[in-house]
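No gaps in the numbering here: position 63 of the sequence shown is 63 in the UniProt record's numbering, and each next residue is one more. Note that beta-carbon positions come from the ideal geometry of N, C-alpha and C, so glycine has one too. Keep in mind that this is a model prediction, so the values were computed, not measured. Quick notes on the structure that follows.
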Amino acid sequence: MWRSCVSVGRAALVGPHRRWLFQSRAVLAAKVYTFEDVRRLVQQPAPGRLLVDVREPEEVQENALPGAVNIPLKSSPGALGLSAEEFRDVFHFDKPPLDSELVFLCARGVRAQTAEELARSYGYEHTGVYPGSIAEWIKRGGETVKKQTKA
């Protein structure tokens, strides 16, 4: 599992004369988790490490990873920016501390990457993505469980 540094930039028209402004910053790319890595996380849960499924609740009902929590990206994109109390009221579990290791997954990896970037913007530094997500997990025979959604 490697981390790399990438440069990202953004251009925008600014000011009264509509000049182009280019901002650039170095960003650490997310840690990438393989099927085997995630299987170890499922088999050996550790305090401070959390599998975060960012699919919508109805997507998670039939096939969730054991031990994963559901923080849906589409319906709750600002979830990790909530106060601890607000988070608990909405999700019915404690908000992960900023020093937690969060490993994001979704259906095929796209939303997981977006969620990981959002988590970093909220101050989470120990993050990763399982790009194969639930599609690869099921294809390779990973165990799934049914989840009840909160009413």
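From residue i to residue j, what does the alpha carbon distance come to, in whole angstroms?
i           : j    : result
E116        : R40  : 20 angstroms
V42         : V145 : 12 angstroms
residue 194 : S83  : The structure shown has nothing for residue 194, since the chain only spans 1 to 151.
P72         : D89  : 15 angstroms
Y130        : R140 : 14 angstroms
G48         : A29  : 21 angstroms
Q113        : P77  : 13 angstroms
S24         : V38  : Residue placement at S24 is flagged as unreliable, the pLDDT there being 41, under the threshold of 50; the coordinate-derived value follows with that caveat. The alpha-carbon atoms of S24 and V38 are separated by roughly 33 angstroms.
E59         : R111 : 13 angstroms
G123        : Q148 : 30 angstroms
E125        : L98  : 7 angstroms
Q61         : H92  : 16 angstroms
E85         : S121 : 20 angstroms
Give the C-beta separation of residue i and residue j to the nearest angstrom, bearing in mind that I take them to be a contact with Cβ-Cβ under 8 angstroms.
i   : j    : result
P66 : E136 : P66 to E136, Cβ: 16 angstroms. No contact.
CB residue i to CB residue j, shorter than 8 angstroms?
i   : j    : result
N70 : I134 : no
K74 : F87  : no
V32 : F104 : no
Apart from the five residues just before and just after residue i, which ones in its own chain have a Cβ nearer than 7 angstroms to its Cβ?
i   : result
P45 : G67
Leaving out five residues before and five after residue i in sequence, what residues of the same chain have Cβ atoms less than 6 angstroms from its Cβ?
i    : result
A119 : L80, L102 and T127
S100 : G48 and L50
R108 : S133 and A135
Among residues of its own chain, excluding the 5 on either side of residue i, which ones have a beta-carbon nearer than 8 angstroms to its beta-carbon?
i    : result
C106 : D53, V54, R55, L73, A112, A115, S133 and I134
I138 : N63 and T144
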